[in-house]
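Chemist: Got a structure for you, written out below as structure tokens; questions coming shortly.
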Amino acid sequence: MKALMFGWEFPPHILGGLGTASYGLTRGMAMQEDMKITFVIPKPHGDEDQSFLKIIGACNVPVVWKENDWNYVNDRIGKMMHPDEYFWLRNGIKYDFHRIHTNDLGCIDFSGRYPDNLIEEISNYEAVASVLAHQMDFDIIHSHDWLTYPAGVFAKQISGKPLVIHVHATDFDRSRGQVNPIVYGIEKRGMDAADHIMTVSDLTRAIVIEKYHQDPRKVTTVHNAVEPLADIESFIKTTRKDKVVTFLGRITMQKGPEYFVEAAYRVLQRTKDVRFVMAGSGDMMNAMIDLVAKRNIADRFHFTGFLKGRQVHEVLAESDVYIMPSVSEPFGISPLEAMQVGTPSIISKQSGCAEILTHAIKTDYWDIDAMADAIYSIVKNPAMHRSLQELGREEVNNIRWEDAGKKVRSIYESVM
Amino acid sequence: MKNICFYFQIHQPLMLKRYRFFEIGQDHYYYDDFQTEDRIRYLVDHSYLPANKIIAEMIRSTNGKFRCAYSISGVTLEQFEQYAPEVIDSFKELSKTGSVEFLAEPYGHSLASVFDANEFELQVKMHSDKIEALFGKRPTTLFNAELIYSDEIGELVSKMGYKTMMIDEAKHIMGWKSPNYVYSHSYIPKLKLLVRNHKLSDDIAFRFSSIMLTSEKFIGWVASLPEDEKVVNIGMGYEAFGITQSYQTGIFDFLKALPYHAMEQQVSFLLPSETSKKNESAGPLSVPYPISWVGNDKDLTPWTGNDLQHEALTKLYAVGERVRLCTDKPLLRDWLMLQCTDNFRYMSHKDAHGTHFESAYDAFMNYMNVLADFLVRVDAQYPTSIENEELNELLKTINHQEREIEALEEEVKKLKSKKTKVIAEK
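Protein chains in written order, with numbering that gives the first Met the number 0: chain V, 0 to 415; chain R, 0 to 425.
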């Protein structure tokens, strides 16, 4: 079976959980022998792992016919794409996209990030999708998250092949309910046009059904999993006098950082040998620094700024407790990563991963007393720490992308 | 002729309230009285009282031929006294008929039999005292909490003067043996063991409505057992009547009809003490490791199976000796309540029966916070910096100081009189 997937991020250059989930899922699916995946992203860097799928950069797909020399094309994009493929794809240009600004190869320059003209970039992505849909051979279209829904829908209209969309988040999660009508419109159109909708948790599934008015029969939950770390042994925990409690993620409203600060304040009323780390950056960072100062716990509270790659796992492994007090989290893969390196996790009940984890502490995001209690208990009771660590690791190691992949496959088959 | 030996267990723990770590050292009251009362009232109204009423009627209508035994934990008796004294009266009425036996058990429904022999002995004595005070008769049969039993516990129990003990039918202990005989302790023949018939007990307690059991069928099964299998021990939580099997299933009618069918098929009822007195032991049972009446494995894993439970139990029983030195009444009461097996069952990952906590971790956190406060209080009475033995000596000195002073004064007097005598003689 050949799947054409539209995504926005792919490791190693990722900005959020979407890239990690895309990688894990495709890798899990690629374990099925007959599964051929073509993964489209706006702008690849050339260092992506292509051993189990084929990556096409939308920025290398011509949407306007330009006459070019083979050697010239090879010079320009040879590292990313074979010139022959470029010329072959050029035959798929069936529409006039001169209105879009293109470069000398007739390709669109994508940022591949989340720029201010995101809406424009999303619609340009659609143009690329039309070329691919005309030229390529595939059995199913799979769109990851709202940025790629329009591309998926357009590809479906052209090819007549079924479309499944994968909801990694909705605008209701990102905005605490203050939904952007344009984004909502894009999401709704995508969901309406899809033959089947996959959500990363039952929580998200409920939102899709209630807020986007989708038929429950066409919405299925496929929980995320976690990719086993190859170099897991290399992450070690240095013994130190103070216990470390870590918050890691974007410091934004959605992640509930203020609840973490308040819980920290409560814990520090009782015990002094605990340090709190807030890793990441975001629009609420300064407000959090202010709050920490106001609570008079700045000597025990540390900000690290944005972390990436290996640093993330290092910080997780060095911590005694990982905490994710998200107000609304469609899935939340980081507690799984923390548990993988043996760090007990406290997660909010409002996060999707709470649905599949037993050996993590679950509290309401607003319940700072419960959160503080859990932190205190884990740092003070070795048995609690050990139990969560051992059973948690075992649990997480049994949550495999391969199984998620099988579930996706059965959904594919149901719509074909 | 077959004999059925019925016994019912009643135990409800005090429910711990939500106790956060910042209350440690501030708040010394650990219970959610509202919830405890609410639950005990519900059970009393839907199960205990209606069942007692029917049992009383059965005893009356059979002229005392229907007989059954109760094991009510001390913790529960206290709850009845506080929230539902009419239940105590109802049991007193039953007791007066002479057809009901009350069994001994550790007062706090604790695991002390496994972790703290001295505590176990104390609690059993305390419970027997209570039963004697309430119902006028001292128990001779022991029903350990959760039917926990091992050779070691049996020895302890026998030394305490109990003649009969109830145990459960654990496959790995019984092997091919039938539970329908009276057995004895592996090396103390005078301690008789009554083995609960697991299948027939559960047929009533758990499968009653699903297998559409009738009294006739049930008595029929008992009557058709092999000739020489004389004793059928049927034990269950009293909640089987009205809660596990609701009123609508007809469980009370089932109960009511039992004596009639028993009479018809020549099956009689015996109390545990009578059963053990009337029957010779069919042989000794060797139980090297403790068994219980829970789960398929019938072992202690529901309370001691994981790290959390282990930690909580170790921390709790580490201060046993010290707490027993204390005389502070509220502290001693809390000590009993904190030992309830339920507290540890709630910490089980797989088998947290009856828990009101969200998870094993939640139960553990709450319990450990309470325990931390409790330990602070124990420490305030007798600081842990002093060793137990040293403390014992000190306490002895303090307790005996008056007597000692008296003795010394006596001596001084004697010496003085001697001296005056000597002087006088001179």
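Beta carbons are placed, not taken as given, at the ideal position from N, Cα and C, and that holds for glycine.
#1: State whether the segment 133-152 of chain R contacts the segment 98-116 of chain R, with contact taken as three or more CB pairs (one from each stretch) at a distance under 8 Å.
#2: Look at the alpha carbon of R/Glu-228 and the alpha carbon of R/Phe-363, and state the distance between them as a whole number of angstroms.
#3: Using only alpha-carbon positions, find the residue among V/Ala-286, V/Met-287 and V/Ser-347 that is nearest to V/Ile-367.
#4: Out of R/Gln-25, R/Ser-285, R/Arg-206 and R/Tyr-366, state which residue places its alpha-carbon closest to the alpha-carbon of R/Lys-176.
#5: Residues of chain R with CB closer than 8 Å to the CB of V/Leu-387, please, in chain order.
#6: What did DSSP end up calling V/Phe-137 once you bin it into helix, strand or coil?
#7: Report the partner residues of R/Gln-8 according to the DSSP bridge assignment.
#8: Please say whether R/Asn-179 and R/Ile-233 have beta carbons closer to each other than 8 Å?
#9: Quick check: the segment 355-371 of chain V against the segment 255-274 of chain V, are there 3 or more CB pairs under 8 Å?
#10: Using CA coordinates, which residue listed in V/Leu-267, V/Glu-232 and V/Ile-157 is at the minimum distance from V/Asn-295?
#11: Please check the pair V/Gly-391 and V/Pro-343, which I expect to be a contact at CB under 8 Å, by giving their CB distance rounded to whole angstroms.
#12: Within its chain, find whatever has a CB closer than 7 Å to the CB of V/Gly-404; leave out the 5 residues flanking it on each side and keep chain order.
#13: Pull the bridge partners of R/Cys-325 from the DSSP assignment, please.
#14: For V/Arg-294, which residues in chain R fall below 9 Å Cβ to Cβ?
#15: Is there a C-beta anywhere in chain R that falls below 8 Å from the one on V/Ala-262?
#16: In the DSSP output, what is R/Arg-195 paired with across the bridge?
#17: Does the ligand COA have even one heavy atom less than 7 Å from the beta-carbon of V/Ser-158?
#18: Should R/Lys-198 go down as buried or exposed, given a rule of 16 or more other Cβ atoms within 10 Å for buried?
#19: Since I believe R/Ile-210 is in contact with R/Asp-202 (beta carbons under 8 Å), could you give me their beta-carbon distance rounded to a whole number of angstroms?
#20: Could you say if the segment 373-386 of chain V and the segment 12-19 of chain V meet the contact criterion of at least three C-beta pairs nearer than 8 Å?
#21: Run through chain R and tell me which residues come within less than 7 Å of V/Val-360, C-beta to C-beta.
#22: Could you tell me the distance, in whole angstroms, from the CA atom of R/Thr-163 to the CA atom of R/Leu-193?
#23: Who are the near neighbours of R/Tyr-82 in its chain, counting only those whose CB is closer than 7 Å to its CB and skipping five residues on each side?
#24: At a Cβ cut of 9 Å, what residues of the segment 391-418 of chain R count as close to chain V, listed as they run along the chain?
#25: Would you decide whether V/Thr-169 is buried or exposed? Buried here means 16 or more other CB atoms lie within 10 Å of its CB.
#26: Leaving out the 5 sequence neighbours to the left and right, which residues in its chain are closer than 8 Å to V/Met-283 when beta-carbon positions are compared?
#27: Excluding five sequence neighbours on each side, which residues of the same chain lie with their C-beta closer than 8 Å to the C-beta of R/Val-74?
#28: State yes or no: is the beta carbon of R/Phe-363 nearer than 8 Å to at least one beta carbon in chain V?
#29: Can you find the residues in the same chain that come closer than 6 Å, C-beta to C-beta, to R/Ile-130, ignoring five residues on each side of it along the sequence?
#30: What in chain R is Cβ-close to V/Asp-368, meaning under 7 Å?
#31: Using CA coordinates, which residue listed in R/Ser-98, R/Glu-92, R/Met-159 and R/Val-99 is at the minimum distance from R/Gln-122?
#32: Going by beta-carbon coordinates alone, are R/Pro-271 and R/Tyr-6 separated by less than 8 Å?
#33: Looking at the strands, I want to know which residues DSSP matches up with R/Leu-284.
#34: The beta strand (DSSP E) spanning V/Thr-220 covers which residue range?
#35: Using 8 Å as the threshold, is the C-beta distance between V/His-143 and V/Phe-5 below it?
#36: Going along chain V in order, which residues have a C-beta closer than 9 Å to the C-beta of R/Met-165?
Modeler: Reading off the structure:
#1: yes
#2: 45 Å
#3: V/Ser-347
#4: R/Ser-285
#5: Tyr-360
#6: coil
#7: R/Ser-70 and R/Gly-236
#8: Against a cut-off of 8 Å, the Cβ pair of R/Asn-179 and R/Ile-233 comes out as no contact.
#9: yes
#10: V/Leu-267
#11: 6 Å
#12: Taken in chain order, the residues that qualify are Leu-24, Gly-27, Met-28, Met-30 and Gln-31.
#13: In DSSP, R/Cys-325 forms no bridge with anything.
#14: Per Cβ cutoff of 9 Å: no residues; V/Arg-294 is ~15 Å from chain R at best.
#15: Chain R, which has no Cβ nearer than 8 Å to the Cβ of V/Ala-262, makes this no.
#16: R/Asp-167 and R/Asn-232
#17: The model on display carries no ligand, and the ligand COA is accordingly not part of it.
#18: exposed
#19: 7 Å
#20: No, because fewer than three Cβ pairs between the segment 373-386 of chain V and the segment 12-19 of chain V fall closer than 8 Å, the two stretches do not touch.
#21: Just to set this straight, residue 360 of chain V is Ile in the shown sequence, not Val. By Cβ distance, chain R contributes Tyr-360.
#22: 7 Å
#23: Here the set comprises Glu-36, Ile-39 and Arg-40.
#24: Under the 9 Å Cβ criterion, the segment 391-418 of chain R contributes no residue.
#25: buried
#26: Ile-250, Thr-251, Met-252, Pro-256 and Glu-257
#27: His-10, Gln-11, Pro-12, Leu-13, Tyr-106, Gly-107, His-108, Leu-335, Met-336 and Cys-339
#28: yes
#29: Phe-101 and Pro-138
#30: Arg-19
#31: R/Met-159
#32: Less than 8 Å separates the beta-carbon of R/Pro-271 from that of R/Tyr-6.
#33: R/His-184
#34: 218-220
#35: Yes, the Cβ-Cβ distance between V/His-143 and V/Phe-5 is below 8 Å.
#36: Those do not exist, as R/Met-165 stays about 33 Å from chain V at its closest Cβ, beyond 9 Å.
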